[in-house]
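Have a look at the structure below, then the notes.
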Amino acid sequence: MATYKKRGYKPKNKAEEVEHIEDNSTTAEVFNTLDEGASRTEEWVAANQKYILGAVGVIALVILGYLGFQKFIQEPKEQEAANEMFKAQQYFDLAVNGNSNTRDSIYGLALNGGEGKYGFLEIIENYGGTKAANLANYYAGFSYLNTNKYQEAINYLDEFKSDDEMLGPLALGGIGDAFSELDQTGEALGYYEKAAQAKVNNFTTPKFLLKAAITAISLDKGDIAIQYLERIKNEFPKSVEANQVDVHLGKAQALKK
154 MATYKKRGYK
164 PKNKAEEVEH
174 IEDNSTTAEV
184 FNTLDEGASR
194 TEEWVAANQK
204 YILGAVGVIA
214 LVILGYLGFQ
224 KFIQEPKEQE
234 AANEMFKAQQ
244 YFDLAVNGNS
254 NTRDSIYGLA
264 LNGGEGKYGF
274 LEIIENYGGT
284 KAANLANYYA
294 GFSYLNTNKY
304 QEAINYLDEF
314 KSDDEMLGPL
324 ALGGIGDAFS
334 ELDQTGEALG
344 YYEKAAQAKV
354 NNFTTPKFLL
364 KAAITAISLD
374 KGDIAIQYLE
384 RIKNEFPKSV
394 EANQVDVHLG
404 KAQALKK
């Protein structure tokens, strides 16, 4: 291994002189190699300067174009869509909390619009790609679910994408409810399981674990039902669903006898 020698170092004997010469030779070779590499790089840059500048220009245009699109097109579109959907959301809330005799007609207004304002379906059609349109799929899905149009509910809820703690699991659970109403129990169980697993919290998780357990019992899958019911009992003892566990647990255990 080469050793460090101070500047002005003079060899003391022939062996050190040879070593000194070799060290200097090696150092010279390294610098020559670096110089040659740098020269080749400079030559390549010079020869391809036009293409390099062109590539940089394209990247800059893409970035500026994206920022401009977000600022001057997407953001105003998002705001406009949110404003347009406000009335439809009011109709939806009124239907959920209002008189059952007028509920279906109010859900219709939420879906199709009223008082000169768009409904959820028009928001989806006219403002595709916005957050409002995505949320409109959620509302449209539950509007259809609550008016017994189950296939339409599945179609719209399936289009809704969200990582939200509540809305994501509720949409999956809504699809499960629609499949259950269509007597497609196996599909319903799958979506209840997805809803329970999507986000772990004290509201949606026990809610859909219980639905999954009840559905599993209807399919004679006692082992699966017991697993979900015991999870509610152990992990969510203070939930509303925990009060129903023992009744369904007895039914699930009876399937194993």
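The sequence shown lines up with residues 154 to 410 when you count with the numbering used here. Every residue gets a Cβ at the ideal spot worked out from N, C-alpha and C, and that includes glycine.
{"Item": "Distance between Tyr381 and Asn354 (C-alpha atoms, nearest Å)", "Value": "15 Å"}
{"Item": "Same chain, Cβ closer than 6 Å to Ile307, five either side skipped, listed in chain order", "Value": "Ile328 and Ala331"}
{"Item": "Neighbour-count burial assignment, Ala349, 16 or more Cβ in a 10 Å radius", "Value": "buried"}
{"Item": "Neighbourhood of Lys404 by C-beta distance below 7 Å, restricted to the same chain and skipping five residues each side", "Value": "Ile370"}
{"Item": "Candidates Glu278, Asn299, Leu247 and Lys284, of which the one nearest Ser315 by Cα", "Value": "Lys284"}
{"Item": "Reduced DSSP secondary structure (H/G/I, E/B, other) of Lys302", "Value": "coil"}
{"Item": "Coil, strand or helix - Lys391 by DSSP", "Value": "coil"}
{"Item": "Residue environment, Glu237, which counts as buried when at least 16 other CB atoms sit within 10 Å", "Value": "buried"}
{"Item": "Nearest-angstrom Cα separation, counted from Phe313 out to Glu346", "Value": "18 Å"}
{"Item": "Interface flag, Ile277 vs chain D, CB-CB below 9 Å", "Value": "Note that chain D does not occur in the displayed structure, where there is just one protein chain."}
{"Item": "Coarse secondary structure for Gly321, derived from DSSP in three states", "Value": "helix"}
{"Item": "Strand pairing of Gly267, partner residues [DSSP]", "Value": "Lys270"}
{"Item": "Where Val398 falls, given that 16 or more other Cβ within 10 Å makes a residue buried", "Value": "buried"}
{"Item": "Residues near Leu335 in its chain [Cβ-Cβ closer than 6 Å; skip 5 each side]", "Value": "Tyr303"}
{"Item": "DSSP state of Phe239 mapped onto helix, strand, coil", "Value": "helix"}
{"Item": "Under 9 Å between C-beta atoms of Leu264 and Ala293", "Value": "yes"}
{"Item": "Three-state secondary structure (DSSP) of Leu372", "Value": "coil"}
{"Item": "Cα-Cα separation, Ala200 to Tyr271", "Value": "59 Å"}
{"Item": "Expected contact under 8 Å - CB spacing of Gly375 and Leu408 to nearest Å", "Value": "3 Å"}
{"Item": "Proximity winner among His401, Asn396, Ala395 and Ile277, relative to Ile379 (alpha-carbon distances)", "Value": "His401"}
{"Item": "Extent of the continuous alpha helix (DSSP H) run through Gly403", "Value": "Val398 to Ala407"}
{"Item": "First through last residue of the alpha helix (DSSP H) which encompasses Tyr280", "Value": "First-last for Tyr280: undefined, no H or E at that position."}
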